[in-house]
Amino acid sequence: MTVNLVADGTATGATLTLSGPSWTDTFTGLPKYKTGGIEIAYTVTENTVTNYALTSITGTAAEGYVITNTYDMEKVDVPVEKKWEHGDQPQANYP
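Its first residue numbered 364, the sequence shown is counted upward by one per residue in my numbering.
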């Protein structure tokens, strides 16, 4: 699973690849302030994970983020067709 670092709403190009069993990592050595002394607002996004839907991303840059995905169960279609056979009866006799 790939996590992307975002700074002030703009993708930085920095990524982490998380894998089991811990599924944790840390972006390190990031500047806290941009020019002018304004604190940078860091957030994260994740790339799409096959068969999973992104449920939420919670937390803060200071506390850490928790990314939650929900398994998208595989779905199937079951076609159904109704046929009426009335012999010599008119179709108007449908229930």
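The C-beta atom is built at its ideal place from N, Cα and C for all residues, glycine as well.
- Assigned with DSSP and collapsed to three states, E444 falls in coil, not helix or strand.
- A Cβ-Cβ distance of about 5 Å is found for the pair T378 and T365, placing them in contact under the 8 Å criterion.
- The beta-carbon distance between T418 and T433, rounded to whole angstroms, is 5 Å. This is short enough to meet the 8 Å contact definition.
- The alpha-carbon of D371 is positioned some 38 Å away from that of K438.
- The criterion of a C-beta distance shorter than 7 Å is satisfied by A416 and D435.
- L417 carries a strand assignment under DSSP once its states are collapsed to helix, strand and coil.
- For G383 and T398, the gap between their C-alpha atoms comes out near 38 Å.
- By the criterion of a C-beta distance shorter than 7 Å, V429 is surrounded in its chain by T421, G422, once the five residues flanking it on both sides are discounted.
- Contact between L381 and T387 holds, since their C-beta atoms are separated by about 7 Å, short of 8 Å.
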